[in-house]
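Those sequence lines, one after another, are chains R and A.
When you line the first sequence up against our numbering, it's residues -7 to 452, in that order.
When you line the second sequence up against our numbering, it's residues 351 to 503, in that order.
Using N, Cα and C, we set each Cβ at its ideal position, and we do this for glycine too.
All values reported here derive from a predicted model rather than from experimental measurement.
Worksheet: one structure, shown below.
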Amino acid sequence: MTDYRKRVRTALEGGWRFAGLHASEGGSVVRVLLAAPDGSLRLEDVDVEGRAVPSIVDLAPAADWDEREAADLHGLVFDGHEPLRPLIDHGAATDRWTVRVTGDDAYEIAVGPIHAGVIESGHFRFHVVGDRILQLDARLFYKRRGLEQTAEGRSLEGGTAFVARACAACSVANGVAYAHACEDALGLEPTAELARARTILLELERIWSHLNDVAAVCAGVGLAAGNNLFAALTERARRLNRELTGHRFLFGTVRIGGSALELGAKDVSAARGELESLRRQAASGWRELTFNSSFQDRLPDIGVVGAADATRLGAVGPAARAAGIAEDVRSVSPRLTYDRFEAVVPERPAGDVQARLDQRAIELWQSFELLDGLLAAPVAPAAAAPTGRERKIGVGRVESPRGATSCVVERSGDRIERLRLRTGSYANWPVVAFAAADNLLPDFPLVNKSFELCYACADR
Amino acid sequence: MLTMLKDLRRLRREERLAQPDRGRSLAIRHVDAGSCNGCEHELTLASSPYYDLQRFGLGIVASPRHADVLLVTGAVTSRMREALLVAYDAMPEPRRVAALGDCALGCNLLGTAADLVGPVEAVVPVDLRIPGCPPTPDEIAEALLRLIDSRTG
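Below is the structure:
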């Protein structure tokens, strides 16, 4: 076993989690990002010899997509990663990126990239017998814009725009992960006031996002009343965002080294009032959903991802917690204001559609409570403080509405040499494909909506 | 369930959404050609009780075969170009194309030359432009209604 693999294995055995992998310096080095239970982050490097580099996919199956992406971008060969299927290379023949499924009555259904609704673009290839899904090959990256590559050579400050463009639904989480990475490299540490401003923005984003997710699951089973009610609440949450920051998706609120967010006593008091009203309405709607038996009947035992599989596949966020894995980056985020935050899991952590939906509700109540405390005092513009510890490579990790989002920034002075953004959606897409297997095809939209991942921030 | 329906009825009463007198309709097929997902999220809420796009006869349909309007979001990526053209070709005449959002209009595009084709009009002819980053649900609704009203006969 190579030294690199040994280092990664020792870390994983010591409770560290795989948090991302990318190739850098023109494909001559591969870096693995690891996250400790206490939140500390570290990189392990390995030099590429010729085009070859040892794979760690057997040690950390969550590295599957990362290694395939690095292989496609830089022509690397990950020794031991068999078969090394293309991921973002759409030029490859179908049989190179799909799993061959044969047998009596087995056939394929190709769906997308354009879907029948207001949905982002991506391609799903279902291998089925009758209505039963045997295997799902998801092919994303139709929306690849090459944002990370275009950001190379720009200033760190200029990089903010590329991260923001990756995804509207995760713009704050991605922005804070990037800002943290840059500040880590520049030797800056958020002051308490800056940390609070960012935490408010992160929780505002989570609230509209989770309200939207509940609406999406209602839409997934065709419950129009539930969908409409939670869509209305989502609208109110976005209007509140605009009241507080001037933008419904909180665009332009996160920058490196400081925050311009300014909320007076009247603003925060009005925001708390509106959030309390939203919370009551959401709780009332949630109660209605709980007692709607025809709705509830659709949810259990569908799209099951148990704790062992969730851990193995590197699931993050509500999807992992719904399987009983009590991990949340917020509980280990000293650069944000999550004092004594504890990850919660549902009473019935079955890892199915019901558990993932329940998890959204639990987290909504948590976020409403967090925001009520965070907005107890006015918010003033704030700046980060120098620590004197400058580094070439900075890292950041944030809990987005969809799970742990990691960012690595490699710099040369003020210029970006390499930027990697690994979002909660990127981590969870392979989990969706796993969850779909052995379910009925008509349940797939419901399974998919119980994750409600973004395509945009996976594709970049 | 009754409480939920009551809440929605109250919301409708309070919002006092106008009852349309247009007597026309538009069937819309949405295509995401490479957006950041912001336009999708706002378009989704255009159907929410605060805007209720459906009351104007505006509905999202599942196939371009059923569509009057192709509503395209995002700057067109090189991987979505072909799918966009296939959807456009599948539409019956008369057909219109609406470009939704600043990216679709070609404003401040970010990405590599290999990955991005350009604005929607670089691939299909555009009849309606809806600016915004992203346009709000009411801006989307107003623009689409202008398209209905501009039709003659």
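Report the residue from the options whose alpha carbon sits nearest the alpha carbon of residue i.
i                     : options                    : result
residue 294 (chain R) : R:348, R:140, R:163        : R:348
residue 369 (chain R) : R:213, R:189, R:250        : R:189
residue 48 (chain R)  : R:9, R:377, R:134          : R:9
residue 322 (chain R) : R:303, R:131, R:341, R:355 : R:355
residue 244 (chain R) : R:153, R:417, R:338, R:187 : R:153
residue 505 (chain A) : A:498, A:479, A:366, A:488 : Limits of chain A in this structure are 351 at one end and 503 at the other, which puts residue 505 (chain A) out of reach.
residue 318 (chain R) : R:299, R:65, R:284, R:90   : R:299
residue 443 (chain R) : R:313, R:377, R:156, R:410 : R:313
residue 205 (chain R) : R:226, R:367, R:363        : R:226
residue 110 (chain R) : A:371, A:444, A:420        : A:420
residue 15 (chain R)  : R:-2, R:55, R:27, R:33     : R:55
residue 134 (chain R) : A:422, A:500, A:441, A:428 : A:428
residue 403 (chain R) : R:41, R:179, R:81          : R:179
residue 209 (chain R) : R:344, R:89, R:113         : R:344
residue 458 (chain A) : R:100, R:139, R:289, R:79  : R:139
residue 346 (chain A) : R:-1, R:224, R:191         : Outside the modelled stretch of chain A, which goes from 351 to 503, sits residue 346 (chain A), for which no answer is possible.
residue 303 (chain R) : R:381, R:51, R:411, R:260  : R:51
residue 273 (chain R) : R:31, R:29, R:221, R:262   : R:221
residue 452 (chain R) : R:141, R:329, R:24         : R:141
residue 366 (chain R) : R:45, R:192, R:425         : R:192
residue 27 (chain R)  : R:325, R:151, R:184, R:73  : R:325
residue 43 (chain R)  : R:58, R:30, R:71, R:53     : R:71
residue 364 (chain A) : A:401, A:460, A:466, A:415 : A:401
residue 24 (chain R)  : R:7, R:30, R:3, R:97       : R:3
residue 390 (chain R) : R:327, R:425, R:377        : R:327
residue 151 (chain R) : R:263, R:448, R:410, R:422 : R:410
To which residues of the same chain is residue i closer than 8 angstroms at the C-beta, ignoring the five residues directly before and after it?
i                     : result
residue 407 (chain R) : 145, 146, 147, 148
residue 124 (chain R) : 430, 431, 432, 433
residue 439 (chain A) : none
residue 391 (chain A) : 484
Which whole-angstrom value is the C-beta distance of residue i and residue j, which I expect to be below 8 angstroms?
i                     : j                     : result
residue 395 (chain R) : residue 419 (chain R) : 6 angstroms
residue 68 (chain R)  : residue 19 (chain R)  : 6 angstroms
residue 308 (chain R) : residue 416 (chain R) : 5 angstroms
residue 469 (chain A) : residue 449 (chain A) : 7 angstroms
residue 454 (chain A) : residue 424 (chain A) : 6 angstroms
residue 13 (chain R)  : residue 21 (chain R)  : That pair is no contact at about 11 angstroms.
residue 270 (chain R) : residue 228 (chain R) : 6 angstroms
residue 383 (chain A) : residue 430 (chain A) : 5 angstroms
residue 64 (chain R)  : residue 87 (chain R)  : Residue 64 (chain R) to residue 87 (chain R), Cβ: 17 angstroms. No contact.
residue 435 (chain A) : residue 422 (chain A) : Between residue 422 (chain A) and residue 435 (chain A) the Cβ distance is about 11 angstroms, and since that is not below 8 angstroms, they are no contact.
Apart from the five residues on each side of it in sequence, which residues of its chain come closer than 7 angstroms, Cβ to Cβ, to residue i?
i                     : result
residue 503 (chain A) : With a pLDDT of only 40 at residue 503 (chain A), under 50, the local geometry of the prediction cannot be trusted, and no value is derived from it.
residue 161 (chain R) : 201, 446
residue 212 (chain R) : 437, 438, 441
residue 197 (chain R) : 164, 165, 242, 393
residue 281 (chain R) : 218, 287
residue 127 (chain R) : 91, 93, 119, 429
residue 334 (chain R) : 323
residue 362 (chain R) : 195
residue 251 (chain R) : 186, 189, 190, 373, 374
residue 259 (chain R) : 236
residue -1 (chain R)  : 36
residue 121 (chain R) : 97, 98
residue 362 (chain A) : 399
For residue i, which residues from the same chain have a beta carbon less than 6 angstroms from its beta carbon, with the 5 sequence-adjacent residues on both sides left out?
i                     : result
residue 399 (chain R) : 169, 170, 173, 388, 413
residue 257 (chain R) : 370
residue 266 (chain R) : 232
residue 385 (chain R) : 402
residue 102 (chain R) : 117
With 9 angstroms set as the bound, which would you pick, yes or no: does the beta-carbon of residue i sit closer than that to a beta-carbon of chain C?
i                     : result
residue 221 (chain R) : Here the protein chains are R and A, and chain C is not one of them.
Practice task
Would you be able to state if there are at least three C-beta pairs under 8 angstroms between the segment 456 to 474 of chain A and the segment 487 to 500 of chain A?
Solution key: They do not touch, by the three-pair rule.
Practice task
Using a Cβ-Cβ cut-off of less than 9 angstroms, give me the residues of the segment 396 to 424 of chain R that come near chain A, in sequence order.
Solution key: Residues of the segment 396 to 424 of chain R that bring their beta carbon within less than 9 angstroms of a beta carbon in chain A are absent altogether.
Handout entry: Contacting positions in the segment 399 to 411 of chain A - beta carbon closer than 7 angstroms to chain R
Key = Correct list: 399, 400, 410.
Handout entry: Near-chain R residues of the segment 370 to 392 of chain A - C-beta to any C-beta below 7 angstroms
Key = Closer than 7 angstroms at the C-beta level to chain R, one finds these residues of the segment 370 to 392 of chain A: 380, 381, 382, 384, 385, 386, 387, 388, 390, 391.
Exercise for the section: Flag this pair as touching only if the segment 365 to 384 of chain A and the segment 398 to 415 of chain A have three or more C-beta atom pairs under 8 angstroms; answer yes or no. Expected result: Three or more Cβ pairs drawn from the segment 365 to 384 of chain A and the segment 398 to 415 of chain A lie within less than 8 angstroms of each other, which places the two stretches in contact.
Practice task
Could you tell me whether the segment 333 to 342 of chain R touches the segment 189 to 209 of chain R, where touching means 3 or more Cβ pairs closer than 8 angstroms?
Solution key: No, the segment 333 to 342 of chain R is not in contact with the segment 189 to 209 of chain R.
Practice task
Using a Cβ-Cβ cut-off of less than 9 angstroms, list which residues of the segment 481 to 493 of chain A approach chain R; keep chain order.
Solution key: Residues passing the 9 angstroms Cβ filter: 483, 484, 486, 487.
Handout entry: Contacting positions in the segment 3 to 27 of chain R - beta carbon closer than 7 angstroms to chain A
Key = Going along the segment 3 to 27 of chain R in chain order, one finds no residue with a Cβ nearer than 7 angstroms to chain A.
Problem - Against chain R: residues of the segment 435 to 452 of chain A by CB proximity under 9 angstroms - result: Correct list: 436, 437.
Handout entry: Contact residues within the segment 89 to 109 of chain R, judged by C-beta distance below 7 angstroms to chain A
Key = Cβ contacts with chain A: 105, 106, 108, 109.
Practice task
Identify each residue in the segment 134 to 149 of chain R for which the Cβ-Cβ distance to at least one residue of chain A is less than 7 angstroms, and report them in chain order.
Solution key: Residues 134, 135, 136, 137, 138, 139, 141, 142.
Handout entry: chain A contacts made by the segment 60 to 82 of chain R, where a contact means CB separation under 7 angstroms
Key = Going along the segment 60 to 82 of chain R in chain order, one finds 82 with a Cβ nearer than 7 angstroms to chain A.
Practice task
Using a Cβ-Cβ cut-off of less than 8 angstroms, list which residues of the segment 234 to 257 of chain R approach chain A; keep chain order.
Solution key: Within the segment 234 to 257 of chain R, the residues whose Cβ lies closer than 8 angstroms to some Cβ of chain A are 240, 241, 243, listed in chain order.
Exercise for the section: Can you give me, in chain order, the residues of the segment 272 to 284 of chain R that have a beta carbon less than 9 angstroms from any beta carbon in chain A? Expected result: Those residues of the segment 272 to 284 of chain R that come within reach of chain A (Cβ to Cβ, closer than 9 angstroms) are 273, 276, 277, 279, 280, 281, 283, 284.
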